[in-house]
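Under this note's numbering, residues 21 to 273 are what the sequence shown spells out, in order.
Every residue gets a Cβ at the ideal spot worked out from N, C-alpha and C, and that includes glycine.
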Amino acid sequence: RDPRRGAPLVVGGTGACSTRTELESVRMAEEAPELTAEELELQAKQAAKQRQTEYRKTAKLLKSKKPHEKLEAIEKLSDHGYISEGDCIGPLVENLVPKKKNGGIIEAAAKALLNFASVTAEGDQIYPNVVYVMDQTQLKKKKLKFGGQFMVDIFTHPKAAVPVKALDCYEIFLDACKAQEQIASVGMKAVEEAEAAAAQATAAKAAEEAAAVAAKAAAEAGKKKVKPTPAEKKAAAEAGKKKVKPTPAEKKA
Numbered sequence: 021r022d023p024r025r026g027a028p029l030v031v032g033g034t035g036a037c038s039t040r041t042e043l044e045s046v047r048m049a050e051e052a053p054e055l056t057a058e059e060l061e062l063q064a065k066q067a068a069k070q071r072q073t074e075y076r077k078t079a080k081l082l083k084s085k086k087p088h089e090k091l092e093a094i095e096k097l098s099d100h101g102y103i104s105e106g107d108c109i110g111p112l113v114e115n116l117v118p119k120k121k122n123g124g125i126i127e128a129a130a131k132a133l134l135n136f137a138s139v140t141a142e143g144d145q146i147y148p149n150v151v152y153v154m155d156q157t158q159l160k161k162k163k164l165k166f167g168g169q170f171m172v173d174i175f176t177h178p179k180a181a182v183p184v185k186a187l188d189c190y191e192i193f194l195d196a197c198k199a200q201e202q203i204a205s206v207g208m209k210a211v212e213e214a215e216a217a218a219a220q221a222t223a224a225k226a227a228e229e230a231a232a233v234a235a236k237a238a239a240e241a242g243k244k245k246v247k248p249t250p251a252e253k254k255a256a257a258e259a260g261k262k263k264v265k266p267t268p269a270e271k272k273a
């Protein structure tokens with residue numbers, strides 16, 4: 021085929037093909053200058069803005085009345101950023117409310133929530149995403165309406181796969197709560213031990229400072245010469261004038 025019409029060009033002897041446009045793009049990419057810090061920052065801001073736009077679009081589709089749009093939006097939640105950063109947790113939970121002929125949507129939503137909640141991590145939060153969901157239920161504004169009653173209502177759904185997913189979610193949240201409670205008790209014990217150690221250290225420091233003050237006072241007292249009172253001076257003078265007579269035994273000796 022005529023390469024002047026943009027048809028594929030055979031490169032090398034392996035049969036690999038590339039269009040002229042692709043070759044030019046590679047060449048231009050290789051020749052492109054490195055981006056400055058300001059340009060990289062601008063690119064990052066643009067990417068973040070585009071990501072937030074996509075998050076809002078997906079959250080809107082989760083509220084759609086068309087089942088296929090909801091399912092398409094739920095599939096995107098495999099990227100957990102949509103839930104933790106894109107405010108999609110609320111619309112996702114709303115899709116767990118049992119309604120007529122929405123078994124497929126509830127199953128998909130429960131599966132998405134299960135995948136999100138099942139993420140584990142090391143440290144103080146073994147189930148960080150469960151902690152995130154529970155934190156959303158404590159907000160004053162945009163409070164997430166989610167709790168055990170959601171799961172209980174789904175248990176009676178006629179589609180068998182729905183209660184199974186709901187039970188899996190319930191177990192994950194229960195395990196997370198138990199783990200957090202255990203971590204909290206261990207943390208409380210550590211706090212109490214730390215406070216006791218701090219109190220002991222404070223008492224030891226106070227005793228050390230008191231001992232230092234006492235030692236300093238004793239040293240200063242040793243340097244000072246104590247002057248006798250007038251009465252003491254008079255008594256000493258009279259004692260020096262008096263001649264002490266020896267006893268008969270002393271005379272004999």
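For residue j and residue i, the rounded distance between their alpha carbons
{"i": "V233", "j": "E252", "result": "32 Å"}
{"i": "Q236", "j": "K272", "result": "It should be pointed out that residue 236 corresponds to Lys in this sequence rather than to Gln. Looking at the two C-alpha atoms, the distance is approximately 54 Å."}
{"i": "A257", "j": "A226", "result": "48 Å"}
{"i": "L62", "j": "Q72", "result": "15 Å"}
{"i": "A255", "j": "A219", "result": "55 Å"}
{"i": "P266", "j": "P250", "result": "30 Å"}
{"i": "F166", "j": "G106", "result": "18 Å"}
{"i": "V150", "j": "K69", "result": "27 Å"}
{"i": "A238", "j": "A269", "result": "46 Å"}
{"i": "S98", "j": "C108", "result": "12 Å"}
{"i": "V113", "j": "K179", "result": "18 Å"}
{"i": "A64", "j": "L194", "result": "38 Å"}
{"i": "T78", "j": "E142", "result": "30 Å"}
{"i": "L82", "j": "T56", "result": "39 Å"}
{"i": "E201", "j": "E228", "result": "40 Å"}
{"i": "K161", "j": "V153", "result": "14 Å"}
{"i": "A221", "j": "E240", "result": "29 Å"}
{"i": "D173", "j": "Q156", "result": "21 Å"}
{"i": "N115", "j": "E59", "result": "41 Å"}
{"i": "N135", "j": "K80", "result": "21 Å"}
{"i": "G33", "j": "K96", "result": "Here the model assigns G33 a pLDDT of 44, short of 50, so the residue's position is not dependable, and the following value carries that caveat. If you take the alpha carbons of G33 and K96, they lie about 41 Å apart."}
Beta-carbon contacts of residue i that lie in its chain and below 8 Å, excluding the five residues immediately before and after
{"i": "G35", "result": "Low confidence applies here, because G35 scores a pLDDT of 44, under 50, leaving its location unreliable; read the following figure in that light. Counting only Cβ-Cβ distances below 8 Å, and skipping sequence neighbours, we find nothing."}
{"i": "P87", "result": "N122, G124 and I125"}
{"i": "S84", "result": "K90 and A93"}
{"i": "H177", "result": "P118, G123, I126, P183 and A186"}
{"i": "F175", "result": "P183, A186 and L187"}
{"i": "G101", "result": "R71 and Y75"}
{"i": "P248", "result": "A256"}
Proximity of residue i and residue j at Cβ, strictly below 7 Å
{"i": "I103", "j": "A137", "result": "no"}
{"i": "E130", "j": "A186", "result": "Note that residue 130 is Ala in the sequence shown, not Glu. Cβ atoms of A130 and A186: closer than 7 Å."}
{"i": "G110", "j": "L164", "result": "yes"}
{"i": "I146", "j": "A199", "result": "yes"}
Cβ neighbours of residue i in the same chain (closer than 6 Å, five flanking residues each side left out)
{"i": "L133", "result": "C189"}
{"i": "V139", "result": "N149"}
{"i": "E54", "result": "none"}
Other residues of its chain near residue i: CB distance less than 7 Å, five sequence neighbours each side excluded
{"i": "A181", "result": "E127"}
{"i": "A67", "result": "none"}
{"i": "R24", "result": "Note that R24 scores 45 on pLDDT, short of 50, meaning its location in the model is unreliable; the coordinates nonetheless yield the value given after this. If we look at R24 and ignore the five residues flanking it on each side, it has no Cβ neighbours."}
Exercise. Where in the region 99 to 162 do unbroken runs of the alpha helix (DSSP H), each at least 4 residues long, occur, reported from the N-terminal end onward?
Worked result: Runs of the alpha helix (DSSP H) inside the region 99 to 162: 101 to 104, 109 to 114, 123 to 137 and 148 to 156.
Exercise. In the region 166 to 190, which residue ranges form an unbroken alpha helix (DSSP H) of at least 4 residues, counting only runs that do not cross its ends?
Worked result: 168 to 175
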